[in-house]
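Enquirer: Below are the structure tokens for one structure; questions will follow.
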Amino acid sequence: MNIPKISIEISRKSAKEFCDFYGDDKLSDESLVLSITDIVQDALNDIEFPASEIKTTLTDD
Numbered sequence: 002m003n004i005p006k007i008s009i010e011i012s013r014k015s016a017k018e019f020c021d022f023y024g025d026d027k028l029s030d031e032s033l034v035l036s037i038t039d040i041v042q043d044a045l046n047d048i049e050f051p052a053s054e055i056k057t058t059l060t061d062d
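Numbering-wise, the sequence shown is residues 2 to 62 according to the working numbering.
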């Protein structure tokens with residue numbers, strides 16, 4: 002089975018807003034990436050979609 006790869010590029014500020022972590026400056030990049038991955042898996046309606054195929058890149062605000 003050919004599994005597609007997903008690439009996401011998002012600013013840290015937008016990622017924090019997207020994850021509903023408003024005003025939490027102590028949220029680590031790793032936590033943001035994991036949250037974005039979870040949101041993408043939910044949007045695909047497939048929690049079995051391999052997280053390794055979702056690449057999230059955080060950019061400077």
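All residues carry an ideal CB built from backbone N, CA and C; glycine is no exception. As the structure is a prediction and not an experimental result, all values here were calculated from the model.
Pull up the distance between the alpha-carbon of residue 59 and that of residue 13, whole angstroms please.
Expert: The residue labelled residue 59 in the question sits at position 58 within the sequence shown. The residue labelled residue 13 in the question sits at position 12 within the sequence shown. Cα to Cα, residue 59 sits roughly 6 Å from residue 13.
Enquirer: For residue 4 and residue 51, which I take to be in contact (beta-carbon distance under 8 Å), what is that distance rounded to the nearest angstrom?
Expert: On the sequence shown, position 3 is the one that residue 4 refers to. On the sequence shown, position 50 is the one that residue 51 refers to. Right, their Cβ atoms sit about 6 Å apart.
Enquirer: Should residue 1 be labelled buried (16 or more other beta-carbon atoms within 10 Å of its own) or exposed?
Expert: The question about residue 1 has no answer, for the chain in this structure spans 2 to 62.
Enquirer: Just tell me which of 54, 30, 53 and 44 has its CA closest to the CA of residue 62.
Expert: Here residue 62 refers to the residue found at position 61 of the sequence shown. It is 30 whose Cα lies nearest to the Cα of residue 62.
Enquirer: CA-CA distance, residue 8 and residue 56?
Expert: Position 7 of the sequence shown, counted from the start, is the residue given in the question as residue 8. Position 55 of the sequence shown, counted from the start, is the residue given in the question as residue 56. Residue 8 and residue 56: Cα-Cα distance of roughly 5 Å.
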